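Okay, so here's the structure we're looking at.
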Amino acid sequence: MRQVRIPLIASIAAFFVNIFFNWGFIFGKLGAPEMQIAGAALGTVIAS
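The opening position of the sequence shown corresponds to residue 0 in numbering that gives the first Met the number 0, with each subsequent residue numbered one higher.
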């Protein structure tokens, strides 16, 4: 109850992790294969 800071930080961190993995898998950056839509799905699953 009344703990807002920890969930907020976790949500922000997951958002940026999602952006990073989506960028890597959609466009094939940092040695990852270019996966386009499937890469977006994979990046989102990893960030969850």
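Where a beta carbon is used, it is the ideal one built from N, C-alpha and C, also for glycine. Keep in mind that this is a model prediction, so the values were computed, not measured.
Non-local C-beta neighbours of A31 in its own chain, meaning closer than 6 Å and more than five positions away in sequence, comprise G23, F24, ordered along the chain.
With a cutoff of 8 Å on beta-carbon distance, A39 and N21 are scored as near each other.
Per DSSP, the continuous alpha helix (DSSP H) segment holding S10 begins and ends at 4-26.
In this structure, the beta-carbon distance from N17 to A46 falls below 8 Å. For A40, the enclosing alpha helix (DSSP H) begins and ends at 36-46.
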